[in-house]
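> Heads up: take any position in the sequence shown, counting from 1, add 50, and you land on our numbering. C-beta atoms are modelled at their ideal positions from N, C-alpha and C, and glycine is treated no differently. Could you have a look at this structure, given as structure tokens, before my questions?
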Amino acid sequence: MLEQIRSRLAEISCDAFISTYRTHRRYLTKFTGSAGLVWIGHDSKTLVVDFRYAEQAEEQSPDWEIILQKTTAEDTLAELIGRHKARRIAFESEYVTVDQLAKWQEKFEGVEFVPTKNWVAELRKVKTADEIEKIAAAAQITVQALNALIPSIKPGIAEIELALELEYTMRKLGAEAAAFDPIVGSGPRGALPHAIPGERRVQVGDFIVIDMGCVYQGYCSDLTRTLVVGKPDAKQLEIYNTVLKAQLAALEALRPGLTGKEVDTIAREIIKEAGYDRNFGHSLGHGVGLEIHEEPRLSQYNEEPLAPGVVVTVEPGIYLPGWGGVRIEDLVVVTDEGCDILTNMTKELIVIE
Ligand code: GLY
Ligand code: MN
Ligand code: MN
51 MLEQIRSRLA EISCDAFIST YRTHRRYLTK FTGSAGLVWI GHDSKTLVVD
101 FRYAEQAEEQ SPDWEIILQK TTAEDTLAEL IGRHKARRIA FESEYVTVDQ
151 LAKWQEKFEG VEFVPTKNWV AELRKVKTAD EIEKIAAAAQ ITVQALNALI
201 PSIKPGIAEI ELALELEYTM RKLGAEAAAF DPIVGSGPRG ALPHAIPGER
251 RVQVGDFIVI DMGCVYQGYC SDLTRTLVVG KPDAKQLEIY NTVLKAQLAA
301 LEALRPGLTG KEVDTIAREI IKEAGYDRNF GHSLGHGVGL EIHEEPRLSQ
351 YNEEPLAPGV VVTVEPGIYL PGWGGVRIED LVVVTDEGCD ILTNMTKELI
401 VIE
């Protein structure tokens with residue numbers, strides 16, 4: 051991991067790479083604290099933390115030099131710049147504020163701060179076996195929590211009660227947090243792809259879109275199922291089966307070498323043939339790892355071939371304003387030959403009697 055960063059540093063003649071972005075700090079050093087600076091030089095690797103995290107950093111990042119921030123973060127950076135006689139420093143332009151950059155430039159005259167993008171995101175795309183295990187455990191908890199919820203879904207229960215129950219069960223099953231606020235969209239509210247659960251009470255005839263995930267040892271999961279309350283009508287079945295067909299076709303095709311765009315197109319064409327292309331307005335999927343949305347994307351804008359070891363969602367949907375919606379989402383890991391589903395749960399339409 052550090053070798054790739056160091057060779058990139060060499061390519062742009064920089065002396066060090068610094069990161070202040072929490073996810074990258076964790077990814078690079080395993081330190082989970084809320085503040086700190088990572089320094090990677092050609093022959094140095096240092097984690098700067100403040101008093102609150104001194105002991106935790108020693109524990110979590112034993113292979114790193116830990117420096118305790120004495121006064122300001124800038125003073126500690128000055129110490130590192132001085133010690134390594136650094137003249138060109140690569141920073142992450144997506145995560146450094148304009149204000150922070152101005153502070154550095156003002157304080158370190160003669161040092162050039164060189165913007166870089168995606169160095170760490172690129173590394174994070176392909177997961178290690180250990181990362182896949184954690185994501186799979188998060189996925190397993192998510193599936194268990196949704197299965198446990200099904201018996202309590204009844205006409206009269208409010209969306210917000212269902213969302214609370216899901217969060218509680220995921221935590222009970224060992225998750226450290228929800229990966230995002232659960233989405234519960236019942237009846238016409240299902241047409242909002244990211245419906246915020248509200249006071250609406252479930253009624254006979256509703257589709258209910260439930261989209262949820264949790265964090266387990268830092269890693270996220272993501273799962274959506276759409277259920278129906280009472281016997282589905284012909285239109286509900288038609289739309290559900292179209293989304294399911296699109297999802298199954300994308301899963302069947304998904305393998306290394308295909309681009310995100312190609313996989314997205316497979317699902318999109320099926321939805322288009324059924325006449326609903328204007329009602330599938332988001333991309334097919336996204337990477338999942340330390341963050342719920344990360345690279346690579348399964349979208350019309352990703353023309354890069356997918357590599358074995360990437361973890362992505364496959365989540366087509368059809369949304370009809372005023373009527374409701376259907377989304378079916380699984381989390382999968384791309385293997386050498388195809389993909390393995392991490393969210394093992396039925397996709398037969400679940401009917402709440
Ligand atoms: N939970 C949002 C999504 O599925 O991307
Ligand atoms: Mn989701
Ligand atoms: Mn998703």
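1. In terms of DSSP beta bridges, what is Y103 paired with?
2. Less than 8 Å between the beta carbons of H343 and V362, yes or no?
3. Would you list the one or two residues that DSSP bridges to M262?
4. Sorry if obvious, but does the Cβ on R163 come closer than 7 Å to a heavy atom of ligand 1?
5. Please report how far the alpha carbon of D149 lies from the alpha carbon of E354, in whole angstroms.
6. Taking 7 Å as the cut-off, is the CB of G263 close to at least one heavy atom of ligand 2?
7. Buried or exposed: which applies to N352, given that a residue is buried once 16 or more other Cβ atoms fall within 10 Å of its Cβ?
8. Within the segment 171-222, note down every full alpha helix (DSSP H) run reaching 4 residues or more, in order along the chain.
9. Taking only the alpha-carbon atoms, compute the straight-line gap between C389 and V401 and give it to the nearest angstrom.
10. By Cβ distance, which residues of its chain are closer than 6 Å to A208, with the 5 residues on each side in sequence left out?
11. For I55, which residues in the same chain have their Cβ closer than 7 Å to its Cβ, ignoring the five residues on either side in sequence?
12. Check this for me: beta carbons of C64 and V164, under 8 Å apart or not?
13. Does G206 pass the burial test, meaning 16 or more other C-beta atoms within 10 Å, or should it be called exposed?
14. Look at the alpha carbon of G375 and the alpha carbon of L308, and state the distance between them as a whole number of angstroms.
15. By how many angstroms is the C-alpha of A300 removed from the C-alpha of I316?
16. Just curious, the alpha helix (DSSP H) that I342 is in, first and last residue?
17. Assuming contact is defined by CB atoms lying nearer than 8 Å, are V293 and A303 in contact in what I supplied?
18. Straight-line CA distance for G237 to G280?
19. Label G372 either buried or exposed according to how many other C-beta atoms from any shown protein chain fall within 10 Å of its C-beta, with 16 as the threshold for buried.
20. Quick check: what's the CA-CA separation for A187 versus E341?
21. Would you kindly check if the distance between the Cβ of I233 and the Cβ of D261 is under 8 Å?
22. Within the continuous beta strand (DSSP E) that includes E115, where are the two ends?
23. Just verifying my parser: in three-state terms, what is the DSSP assignment at R137?
24. So, is T79 buried or exposed, given that buried needs 16 or more other C-beta atoms within 10 angstroms?
25. Within the same chain, show all residues whose beta-carbon is closer than 7 Å to that of E144, passing over the 5 residues directly before and after it, in chain order.
26. What is the DSSP secondary structure of H336, reduced to helix, strand or coil?
27. Could you tell me the distance, in whole angstroms, from the CA atom of P346 to the CA atom of E319?
If we stick to the structure as given:
1. Partner(s): none; Y103 has no beta bridge.
2. no
3. In DSSP, M262 forms a bridge with L273.
4. The sequence shown places Phe at residue 163, rather than the Arg named in the question. No, since every heavy atom of ligand 1 falls outside the 7 Å radius drawn around the Cβ of F163.
5. 34 Å
6. yes
7. Flag for N352 reads buried.
8. 179-199 and 209-222
9. 28 Å
10. E249 and R251
11. F67, I90 and W169
12. yes
13. Exposed, by the Cβ-count rule.
14. 29 Å
15. Inter-residue distance for I316 and A300 is about 6 Å (C-alpha atoms, whole angstroms).
16. Per DSSP, I342 is not a residue of any alpha helix (DSSP H), being assigned neither H nor E.
17. no
18. 12 Å
19. By the 10 Å Cβ count, G372 comes out exposed.
20. 15 Å
21. yes
22. E115 to L118
23. coil
24. buried
25. K167
26. strand
27. Approximately 21 Å between the Cα atoms of the pair.
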